[in-house]
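Reading through the structure tokens given below for one structure.
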Amino acid sequence: MNTISLLVFSIITFLYSSVSISYDDSLNAAIHFYNQGKYAEAKKALDRTNIEKNPNGSYMMGAILLKESNLNEAVKWFQIAADNNLVEAYHALGSAYHQLWQRNYIDSYYVKSKEHYAKSTATGFQQAQTGLAQLEREYYDHKQEKKRKQIQLDKAEKKRKQIQLDKAEKKKVIAPKKSALTNKIARANTAQVNNIAKKVANSIAKDAPARINQHMTLLSVMFVSSTRTFFYSYETSGYITESSARSKITAGVCSNEIMYALAKKGILFRYEYSSPSGSKILSISVTSRDCY
């Protein structure tokens with residue numbers, strides 16, 4: 329039996345069994361409508377001028393409001409009944425605060441629910457013991473779930489920060505010492521830069537094809553003046569991803585003083601990867617903007 333069902337059962341049992349109740353017409357009528365599920369009529373039947381002074385009437389009003397899921401108002405009336413020494417109201421308060429905690433997981437509701445369940449238990453009300461045990465179990469489970477979610481959030485935040493650091497590291501430019509060629513590139517006009525780029529490409533191409541590792545070979549290097557593009561052509565038999573390749577390429581261009589100087593003068597670096605069968609796998613372009 330859940331929290332609501334248990335409380336409703338105890339309310340009905342109490343209203344019909346307590347010899348202390350003065351069954352005036354309004355209260356009897358309210359109980360009658362309550363049992364039929366006519367809660368609006370039950371509220372109208374109660375004598376509102378007396379229910380604040382009559383703990384049984386206050387208790388009944390709390391029960392009606394509870395069925396209407398108006399927990400905050402139900403607590404108000406159950407509290408009035410408890411203040412008028414109706415011990416049964418302690419269990420009702422414990423259960424109502426229990427449901428408020430289940431809705432919002434606000435610790436103050438848990439504390440109040442536990443407090444009133446304990447008061448009800450002290451009077452020998454066994455159902456309050458069941459409610460208290462259920463509350464403690466749910467509270468523990470909630471805290472464990474909250475802790476688990478926080479761990480996941482912390483891991484996600486740590487991963488996010490690491491990604492940001494990785495991106496910053498990839499874009500970090502290692503300031504090289506200025507060589508004579510670097511200074512020459514910086515002062516050169518477009519035609520002169522193209523000529524320098526062509527000479528650099530030819531110098532690198534002399535060593536091609538060159539084995540980079542067991543899976544990759546540099547096939548050719550060339551510079552195309554019309555598009556101002558440095559072309560690197562590789563053959564690879566290994567697995568390669570765009571993100572890892574782009575990271576390495578960007579770091580290589582941005583940390584090499586000559587390549588970076590050429591990039592700053594508008595030269596595009598293009599890297600193309602193909603399989604041993606000649607199928608195109610990947611094509612990546614890098615400009616000076618990728619170094620910032």
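Each position in the sequence shown, counted from 1, maps to that position plus 328 in my numbering. All C-beta atoms, glycine included, are put in the ideal place defined by N, C-alpha and C.
Three or more C-beta pairs closer than 8 Å, one from the segment 524–537 and one from the segment 490–497: is that the case here? no
Should Y622 go down as buried or exposed, given a rule of 16 or more other Cβ atoms within 10 Å for buried? Here the chain covers residues 329 to 620 and nothing more, so residue 622 does not appear.
For H426, count neighbouring C-beta atoms within 10 Å of its own C-beta (all shown protein chains included) and say buried if the count is 16 or more, exposed if not. buried
In chain order, what residues of the same chain lie with their CB nearer than 6 Å to the CB of H444, ignoring the 5 residues before and after it? Y418, L421, G422
List the DSSP bridge partners of I612. Y599
In angstroms, rounded to a whole number, what distance separates the CA positions of T564 and Q542? 9 Å
Express the C-alpha separation of K395 and D353 in angstroms, rounding to a whole number. 22 Å
Can you give me the C-alpha to C-alpha distance between K593 and D618, rounded to a whole angstrom? 14 Å
Note down the Cα distance separating S531 from G606, rounded to an integer number of angstroms. 25 Å
How about the segment 550–568 and the segment 476–490: do they share at least three Cβ pairs that are nearer than 8 Å? no
For the beta strand (DSSP E) that contains S548, what are its first and last residues? 544–552
When the Cα atoms are used, what is the spatial distance from E401 to E464? 24 Å
Nearest-angstrom beta carbon gap, I513 and L590 [assumed within contact, 8 Å]: 6 Å
N-terminal and C-terminal residue of the beta strand (DSSP E) that Y560 is part of: 557–564
Compute the beta-carbon to beta-carbon distance between M550 and A579, rounded to the nearest angstrom, for a pair I have assumed lies under 8 Å. At roughly 22 Å, the Cβ-Cβ gap does not stay under 8 Å, so M550 and A579 are not in contact.
Closer than 6 Å by C-beta to T545: which residues in its own chain qualify, once you throw out the five before and the five after it? Chain order, please. P537, R539, E563
Got a sec? Which residues, its chain only, sit under 6 Å from Y438 by beta carbon, not counting five neighbours each side? W429, Y467
Using three-state DSSP, classify A446 as helix, strand or coil. helix
Could you tell me the boundaries of the alpha helix (DSSP H) in which T518 lies? 518–533
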